[in-house]
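In what follows, a single structure is set out as structure tokens and then discussed.
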Amino acid sequence: RTLAITPRACRRQCPSLKRDTGRKQKLVVNRKHKRGFPLACHSWDELRVLKSVEPLSGSRNGFGMDAWVRFNAQSQSKDKLFRAAQYACMLLGYTLHKSKAASDLLKTLSDLEKHLSLTRKFLRLGNSVEALEAAKRAIHLSDGVLRLCLTISHLNKAMYFACDNVVWAGKTGIFSKVDQQKWSQRSFRYYLFALLVSLTRDIYEICLLMDNEARNQSAKASVSVNSSHDPPADCLSSLATSSRPPLMWSWLLRNFRQVVTVLQNNPPLLLDLLKNSCDIFIPLDRLGIYPTGPGFVGACGVASSVLAILAVTHPWLKLKP
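First residue of the sequence shown? That's 61 in my numbering, and the numbers climb one at a time after it.
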């Protein structure tokens with residue numbers, strides 16, 4: 061049994077390969093290790109290097125966990141689009157209700173919102189597995205605060221998705237005896253706690269970046285002071301007499317400017333902070349902790365969905381880890 065890779069890939073791994081052929085190099089497969097070695101290699105060192113080359117035919121281990129995570133990730137962009145449409149229907153229905161529009165149009169928007177919500181619940185089937193895998197990866201982070209926040213957040217998301225799957229099963233009639241209201245409240249509790257932990261992580265990231273910014277500014281200031289000439293004595297005395305304790309508003313203004321600078325230099329952190337800040341009003345309203353009404357909830361849902369779509373379409377805007 062043989063495999064084939066391009067000559068460029070062979071030459072990258074094995075420098076002694078000749079360039080005089082345009083055909084694909086044949087690889088003899090070692091059945092024990094499932095690796096391929098080019099016939100043109102002459103040294104065992106080159107063979108050891110080429111042991112890291114994986115066969116192009118793929119693994120025979122079946123549909124594993126990584127494959128399931130990659131397959132399930134394809135539905136995330138669809139979920140974000142349906143989410144934006146769902147909350148847009150909520151916002152539009154609230155606006156039309158305020159303007160006393162026709163009841164048939166309001167009923168149509170309400171039914172469309174319910175269908176979009178049910179479709180999103182179907183697309184989220186199996187997301188608990190992906191959240192658990194993310195929690196397992198977060199355990200190995202070196203930063204203790206990030207490790208704690210991300211692990212707890214992913215575990216709460218896993219519970220939220222599990223409760224949401226139960227609600228979907230009840231609405232579709234698979235489990236008709238399920239108390240949908242109770243399971244919906246449970247899912248929003250887990251969702252709220254996950255958002256609170258995510259916001260805590262964002263604030264921690266901002267504090268770290270602010271400390272780094274302050275250290276950089278102090279280092280630059282010390283270098284500039286050391287490089288400049290010493291001021292005269294009368295100037296020092298005038299500075300000492302004119303110095304006053306900083307006021308609270310000046311301290312707040314300085315920190316606010318520093319936060320703005322940090323967020324401007326870190327668009328992924330700004331995007332995640334805005335998205336979580338908009339999302340947190342949704343479970344607060346559904347749980348009755350801080351009722352804001354369908355109009356405000358719809359606006360927050362549309363805004364957070366647009367920000368999430370931006371993070372999906374532009375991966376560099378996604379906060380890592």
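Using N, Cα and C, we set each Cβ at its ideal position, and we do this for glycine too.
Spatial distance of residue i from residue j (CA atoms)
i           : j           : result
residue 338 : residue 283 : 42 Å
residue 367 : residue 181 : 20 Å
residue 153 : residue 199 : 43 Å
residue 186 : residue 225 : 8 Å
residue 321 : residue 265 : 14 Å
residue 358 : residue 365 : 10 Å
residue 355 : residue 163 : 18 Å
residue 252 : residue 150 : 20 Å
residue 205 : residue 191 : 19 Å
residue 249 : residue 347 : 8 Å
residue 345 : residue 255 : 14 Å
residue 213 : residue 257 : 6 Å
residue 280 : residue 273 : 11 Å
residue 277 : residue 334 : 27 Å
residue 109 : residue 126 : Residue confidence for residue 109 is low, a pLDDT of 39 falling below 50, so the modelled location carries little weight; the figure read from the coordinates is stated next. When rounded, the distance between both Cα atoms is 26 Å.
residue 302 : residue 308 : With a pLDDT of 45 at residue 302, under the threshold of 50, the modelled position of that residue is not reliable, and the figure given next carries that caveat. Whole-angstrom Cα-Cα distance: 18 Å.
residue 13  : residue 160 : For residue 13 there is no data in the structure shown, the boundaries of the chain being 61 and 381.
residue 297 : residue 323 : No answer about residue 297 holds up, because its pLDDT of 46 lies below 50 and its placement is not dependable.
residue 177 : residue 330 : 28 Å
Contact check, residue i vs residue j, beta carbons under 8 Å
i           : j           : result
residue 184 : residue 221 : yes
residue 210 : residue 381 : yes
residue 332 : residue 268 : no
residue 166 : residue 175 : no
residue 377 : residue 328 : yes
residue 136 : residue 362 : no
Coil, strand or helix - residue i by DSSP
i           : result
residue 326 : coil
residue 175 : helix
residue 170 : helix
residue 341 : helix
residue 214 : helix
residue 238 : coil
residue 145 : helix
residue 26  : No information on residue 26 is available, as it lies outside the stretch 61 to 381 that the chain covers here.
residue 375 : helix
residue 153 : helix
residue 231 : helix
residue 44  : Shown here, the chain extends from 61 to 381; a query on residue 44 therefore has no answer.
Cβ distance (whole Å) where residue i is taken to contact residue j below 8 Å
i           : j           : result
residue 326 : residue 259 : Not quite, the Cβ-Cβ distance comes to about 16 Å (not below 8 Å), so this is no contact.
residue 238 : residue 270 : The Cβ separation is near 47 Å, so there is no contact.
residue 369 : residue 144 : 7 Å
residue 223 : residue 246 : 5 Å
Measuring CB atoms only, is the region 211 to 221 touching the region 186 to 195, in the sense that at least three cross pairs come out at less than 8 Å? yes
Using a Cβ distance threshold of 8 Å, determine whether the region 311 to 330 contacts the region 223 to 232, with at least three qualifying pairs required. no
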